[in-house]
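Residue numbers (our numbering): 121 to 593. Written out below as structure tokens is the structure these notes cover.
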């Protein structure tokens, strides 16, 4: 296991500019001050809530745009994940040989413990959570962060040699890495996404490949054997490769067989956990379970009882295939985190019929026509919301009813009316949330709030007490 030790990288007495005042940028600025740097935080917005606190720590705060002179006088530039890297000022900085790295790369350089990094177009958060739960059930000390929950920079001071960092990594975080070198890298899948930020699908894929580009034969790469693009992109890896396959690919190391998740060996299948132990909604969620089981095995834990106990009571994350109630015989499912077409497709496929899908938001690439297959099989109608509503109507209105609305409250009311008497209202936007909401979580909360305004009897917000098994609904 290769881990960069503290002391190999120093910013003491250096001028460091942090670009972007989202939570990752703020965490990076705080860390840099603790490590002896002279820090300036540059923010596009005119104001943000943490200004006074950062100034009290000694951070110089510049708002209202990124000043070229400030960046070009820096010894190091650290960017938040949301900051586009194609800005001219960054090219000028590179010409002056000023190093530009992201917050993930910065924090990585000071971590003491081994890193498990997980990426993919969909399923990252669920898999990251599952891996951490499994390792903790097996007695390992774990810190979870990155693109989920706490920024990695906020965990550096707590990092210890025997503590495993389980990190969710996005393409935005990975594109600004240079030495990032996880002990175990997991690539779940890749499909069209974030084309509002990346210039092409290939550049998006290239960013994802950086999760394993610095690995060597002492490291492990875990990939989805059912994803041809992932297989193609990892063909030349130097690390030890393990594969998982929900389709049961004959060469995969971890598969589903006879209602069990098993590890294939030269002496036969080794059962790891029964499908009956999985309480997640949606058959496609088993991909995340397979990936988590493979990761846990690669980390040296083969205790099936610990893996099974980690799954007990875990019915998924908020806003990820989350059963949120029913009114009479109409069920409501919140999959607000399905922010791309592929994720929405898998959500719709999880049901056997009578689905009214709420689709839309800020378009970020992909073809809504790819939803025609599962909607033809399982759909009853579509409610189109946000900036992408017209694109959705153009792609789907000849197939089934498409109703455009102008608020989440209207969307839920129209979907409920269309879904009666025994349908499913599924929020699965296939788009970003930034037209109407600050993030996907705000969108999911608005969906749930709108449900409470409808008349009828509601069941507990997390679904039935026993959970929903991983089957087609």
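Beta carbons: idealized from backbone N, C-alpha and C, even for Gly. Bear in mind that the values here come from a model prediction, so they are computed numbers and not experimental data.
Less than 9 Å separates the beta-carbon of residue 437 from that of residue 246. When the alpha-carbon of residue 377 is set against those of 386, 363, 392, the nearest one is in 392. The region 247-260 makes no contact with the region 450-459; the number of CB pairs closer than 8 Å stays below 3. Within the region 281-346, the complete alpha helix (DSSP H) runs of at least 4 residues fall at 291-294, 321-329.
Within the same chain, and ignoring the five residues on either side of residue 347 in sequence, the residues whose Cβ sits closer than 6 Å to its Cβ are 309. Separation of residue 200 and residue 410 (C-alpha to C-alpha, rounded to the nearest whole angstrom) is 31 Å. Residue 502 places its beta carbon less than 9 Å from that of residue 522. Under the DSSP assignment, residue 531 falls outside any beta strand (DSSP E), being part of the alpha helix (DSSP H) whose first and last residues are 528-539.
If you look at residue 350, you'll find it in the alpha helix (DSSP H) that goes 348-353. Ranking 202, 192, 129 by CA distance to the CA of residue 146 puts 202 first.
When secondary structure is reduced to three states using DSSP, residue 384 falls in the strand class. In the three-state DSSP reduction, residue 403 falls in the helix class (H, G or I). Here residue 134 is near residue 157, since their CB atoms are less than 9 Å apart. In the three-state reduction of the DSSP assignment, residue 257 falls in the helix class, which pools H, G and I. When beta bridges are read from the DSSP output, residue 442 appears opposite 454. The beta carbons of residue 342 and residue 414 sit about 5 Å from each other, so the pair counts as a contact at 8 Å. Between residue 190 and residue 165 the beta-carbon gap is near 16 Å, outside 8 Å, which marks them as no contact.
DSSP, read as helix, strand or coil, puts residue 494 in helix.
When secondary structure is reduced to three states using DSSP, residue 567 falls in the helix class. When the five nearest sequence neighbours on each side are left out, the beta carbons in the same chain lying within less than 7 Å of the beta carbon of residue 193 are those of 135, in order along the chain. Apart from sequence neighbours up to five positions away, the residues of its chain that approach residue 524 with a beta-carbon distance below 6 Å are 504, 509, ordered along the chain. Taking C-beta atoms as the reference points, residue 533 and residue 574 count as a pair closer than 9 Å.
Assigned with DSSP and collapsed to three states, residue 232 falls in coil, not helix or strand. Taking the Cα positions, residue 472 is about 27 Å away from residue 483. One alpha carbon belongs to residue 253, the other to residue 271, and they sit about 19 Å apart. For residue 394, the beta-bridge partners assigned by DSSP are 380. Counting along the chain, residue 152 sits inside the alpha helix (DSSP H) bounded by residues 143-154.
By the beta-carbon neighbour count (other beta carbons within 10 angstroms, threshold 16), residue 129 is exposed. DSSP, reduced to helix, strand and coil, places residue 434 outside both helices and strands of the structure shown, so it counts as coil.
In the structure shown, residue 410 falls within a helical segment according to DSSP collapsed to helix, strand and coil. The alpha-carbon of residue 299 is positioned some 50 Å away from that of residue 543. Residue 365: member of the beta strand (DSSP E) spanning 360-365, first to last residue. For residue 203, there is no enclosing beta strand (DSSP E), as DSSP marks it with neither H nor E.
Annotation: the continuous beta strand (DSSP E) that includes residue 160 extends over 158-162. With the rule of 3 Cβ pairs closer than 8 Å, the region 438-449 does not count as touching the region 273-285.
DSSP places residue 132 in the coil class of the three-state scheme, outside both helix and strand.
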